[in-house]
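Participant:
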Amino acid sequence: MTRRSHTLLLSHRIGTETEGVLTARFPELRVVRLPASGDVPEDARDATVLYRAGMSHDALRTALAQLPDLDWIHTASAGFNWVLIPEVVARPIRLTRTARVLDVPIAEYVVGTTLALLKGLPALLEAQRARRWEREVSARGLLGATVGIIGAGAIGSAVAARFRPFGVRVLGMKRDPKPLADFDEILAPTELDRLLIESDVVVVACPLTPETRHLLGAREFALLRTHAVLVNIARGEVLVESDLVEALRQRRFAAAALDVFSEEPLPATSPLWDLDNVILTPHISYVDPNNSLRGVVEFADNLERYVAGAPLLNEIKSRELGY
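Be aware that the sequence shown starts at 5, since it is given in our numbering, and climbs by one per residue.
(1) If we count the other Cβ atoms within 10 Å of its Cβ and call it buried at 16 or more, is Thr216 buried or exposed?
(2) Would you call the CB atoms of Gly155 and Met177 closer than 8 Å?
(3) Following the continuous alpha helix (DSSP H) through Tyr55, name the residue where it begins and the one where it ends.
(4) Under the DSSP definition of a beta bridge, which residues are partnered with Trp86?
(5) To which residues does DSSP link Ile190 through a beta bridge?
(6) State yes or no: is the C-beta of Asn294 within less than 8 Å of the C-beta of Pro211?
(7) Got a sec, what are the start and stop residues for the alpha helix (DSSP H) Arg98 sits in?
(8) Given Pro183, which residues of its chain have a CB within under 7 Å of its CB, disregarding the five upstream and five downstream residues?
(9) Assuming Thr180 contacts Ala164 (C-beta within less than 8 Å), just tell me the rounded distance between them.
(10) Below 8 Å between beta carbons: does that hold for Leu38 and Leu14?
(11) From Leu307 to Pro271, what distance separates their C-alpha atoms?
(12) Just the Cα atoms here: how many angstroms apart are Ala94 and Arg323?
(13) Whole angstroms is fine: what's the gap from Asp280's alpha carbon to Ala162's?
(14) Do you know offhand how far Arg253's Cα is from Pro90's?
(15) Cutting at 6 Å between CB atoms, please list the residues of its own chain near Ala143, excluding the five before and the five after it.
(16) Around the Cβ of Glu224, are there at least 16 other Cβ atoms within 10 angstroms (buried) or fewer (exposed)?
(17) Mind checking Ser203: buried by the 16 CB within 10 Å criterion, or exposed?
(18) Helix, strand or coil: which one does DSSP assign to Ala2?
(19) Do you know how far the Cα of Arg309 is from the Cα of Ala222?
(20) Going along the chain, which unbroken runs of the alpha helix (DSSP H) with 4 or more residues stay wholly within the stretch 136 to 179?
(21) Nearest CA to the CA of Val115: which residue from Asn318, Leu129 and Gly152?
(22) Pick helix, strand or coil for Glu112, following the three-state DSSP scheme.
(23) Arg56 and Thr20 look like a contact to me (Cβ under 8 Å); what is the Cβ gap, rounded to whole Å?
(24) Helix, strand or coil for Pro39, going by three-state DSSP, please let me know.
(25) Between the beta-carbon of Leu228 and the beta-carbon of Leu200, is there less than 8 Å?
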């Protein structure tokens, strides 16, 4: 299979820098940018590859209906849940994701927000804005703490590696509980309760699947230590959001940093906005100015493999499981 036999489609939000890298590395490939509507130009409907980022479901459906030969979709995201719409699942389209780009920025976000909550920085910043010299602030450290990471994949492993220098014990949870570097112990999903009970910091980093949807609700929040900090960088639907609000209101555990929500953008009417023990961010934990370049290099490496007929990296393992 030669490069000349392929047309590559880019979704409209992919930057011109990314397009330039691809056209320079693959001069024989035809690269076509899609409009926001997803409507495919008639002379590009033989495309076999789609590189998507920031593409709406409606636009994807429009494109799919016009692409009978589409063989591979690469999604510039940490998970597959967004792209697994019925129109994709019904076809034998290969699916890959960005894997080696987002893990480090997200891991840095986790450590940063954890330290901010443990050291009482939200309260101190509020005092600063009020010009109040506030020294009665609750603060804790990480030395000797236990960090429990739900989801010990690429992102979870990057989180573990960055917590290690703080002198913590790291527990991980994974479907296949084999030993992993930077974790003291890997637990099976059946041991979730133990992870919650023993951890001072709980990081939710698992993919959203039928098994993990609403994994943490009122019962699980009640197991957390009263001083525990929860950080969610997975998907909002992994938590029962109404139960989370109630647990935080009642101070059943200390605080949370949330970058993902059941509904995004988070509605102005959400009670989460009113809680003083929460750091809310608008799904930006992955943001880094170098992401686009790193992402296109990763995709281009996979495109080389695709053109050569070699196995793709970071391909979905199970559509049923969602990762």
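Ideal Cβ placement from N, Cα and C applies to all residues, glycine included.
Facilitator: Quick answer:
(1) Per the 10 Å Cβ criterion, buried.
(2) When the beta-carbon positions are compared, Gly155 and Met177 come within less than 8 Å of each other.
(3) That residue, Tyr55, is in no alpha helix (DSSP H); its beta strand (DSSP E) goes Val53 to Arg56.
(4) Partner(s): none; Trp86 has no beta bridge.
(5) Gly176
(6) Contact: no.
(7) It is not in any alpha helix (DSSP H) - Arg98 instead sits in the beta strand (DSSP E) that spans Arg98 to Arg101.
(8) Ile190
(9) According to the sequence displayed, residue 180 carries Asp and not Thr. Contact flag wrong, Cβ pair sits at about 16 Å.
(10) yes
(11) Going by the C-alpha atoms only, they are around 39 Å apart.
(12) 10 Å
(13) 29 Å
(14) Arg253 and Pro90: Cα-Cα distance of roughly 38 Å.
(15) Close CB contacts of Ala143 within its chain, under the 6 Å cut and outside five residues either way in sequence, are with Lys123 and Gly124 (chain order).
(16) Counting Cβ neighbours within 10 Å, Glu224 comes out buried, since at least 16 surround it.
(17) Buried, by the Cβ-count rule.
(18) With the chain represented from 5 up to 327, any question about residue 2 goes unanswered, as that position is not in the structure.
(19) 46 Å
(20) Qualifying alpha helix (DSSP H) stretches, in chain order: 158 to 167.
(21) Gly152
(22) helix
(23) So it is not a contact: roughly 16 Å between Cβ atoms.
(24) coil
(25) Taking a C-beta distance under 8 Å as the contact criterion, Leu228 and Leu200 qualify as a contact pair.
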